[in-house]
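Here is the structure we will look at, set down as structure tokens.
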Amino acid sequence: MVFGVGIDLIEVARVKKAVLNNNTFLNKVYGNQELNKCENINNKYQCLAARFAGKEAFMKALGSGWSEGIKWSEVEIINDQLGKPVLSLSGKALELVNQLEINRMNISLTHINDFASAIVILETGD
């Protein structure tokens with residue numbers, strides 16, 4: 035059963051500006067695996083923006099926003115062996131998902147030139 039759906043769209047330039055103007059932004063928002071992934075591709079700002087949108091879409095699908103004390107870096111978007119993005123949670127984010135009995139998390143990321151977008155679908159039950 036679908037628990038929640040979230041979608042987000044962000045301007046790549048907004049993320050680039052945050053990275054260049056704020057020394058703590060990257061470590062506050064992204065996990066190590068995300069940073070390693072994005073540093074090793076041609077347009078790292080598109081990669082970072084897509085993951086930012088993914089985190090926002092996850093929180094919207096969860097329905098509680100950031101009010102539960104979840105840290106940005108506790109919601110990490112990594113890639114499986116085939117390159118498919120997957121959500122990797124830790125800390126409060128993982129606790130809340132377990133408490134709500136969410137057992138499937140689907141995410142899709144996309145970006146083109148100046149924009150990045152993500153959609154997340156959270157499911158419970160069989």
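At position 48 of the sequence shown (counting the first as 1) the number is 82 in the numbering used here, and the numbers step up by one without a gap.
C-beta: ideal position from N, C-alpha, C; glycine also.
Where residue i and residue j are concerned, what is the direct C-alpha to C-alpha distance, given to the nearest angstrom?
| i | j | result |
| --- | --- | --- |
| Asn132 | Thr158 | 10 Å |
| Leu128 | Ala47 | 30 Å |
Determine whether the beta carbon atoms of residue i and residue j lie at a separation below 8 Å.
| i | j | result |
| --- | --- | --- |
| Phe92 | Leu60 | no |
| Val154 | Gly65 | no |
| Val63 | Phe86 | yes |
| Lys71 | Asn113 | yes |
| Leu130 | Ile104 | yes |
| Lys126 | Glu102 | yes |
Residues in the same chain with beta-carbon distance under 8 Å from residue i, minus the five sequence neighbours each way, listed in chain order, please.
| i | result |
| --- | --- |
| Thr144 | Ala84, Ala150, Ser151, Ala152 |
| Lys44 | One point to set straight first is that residue 44 is Ile, not Lys, in the sequence displayed. Result list for Ile44: Ala83, Phe86, Ala87, Glu90, Phe149, Ala150, Ser151, in chain order. |
What does a CB cutoff of less than 7 Å around residue i pick up in its chain, not counting 5 residues either side in sequence?
| i | result |
| --- | --- |
| Val36 | Ile155, Glu157 |
Ordered along the chain, which non-local residues of its own chain (more than five positions away) have a Cβ less than 6 Å from that of residue i?
| i | result |
| --- | --- |
| Asp42 | Ala87, Glu90, Ala91, Ala152 |
| Ser107 | Gly65 |
| Ile136 | Phe37, Leu156, Thr158 |
Taking contact to mean at least 3 C-beta pairs separated by less than 8 Å, is the segment 38–55 in contact with the segment 77–92? yes
Exercise for the section: Taking only runs that begin and end inside the segment 76–116, name each unbroken alpha helix (DSSP H) of 4 or more residues, in chain order. Expected result: 78–96
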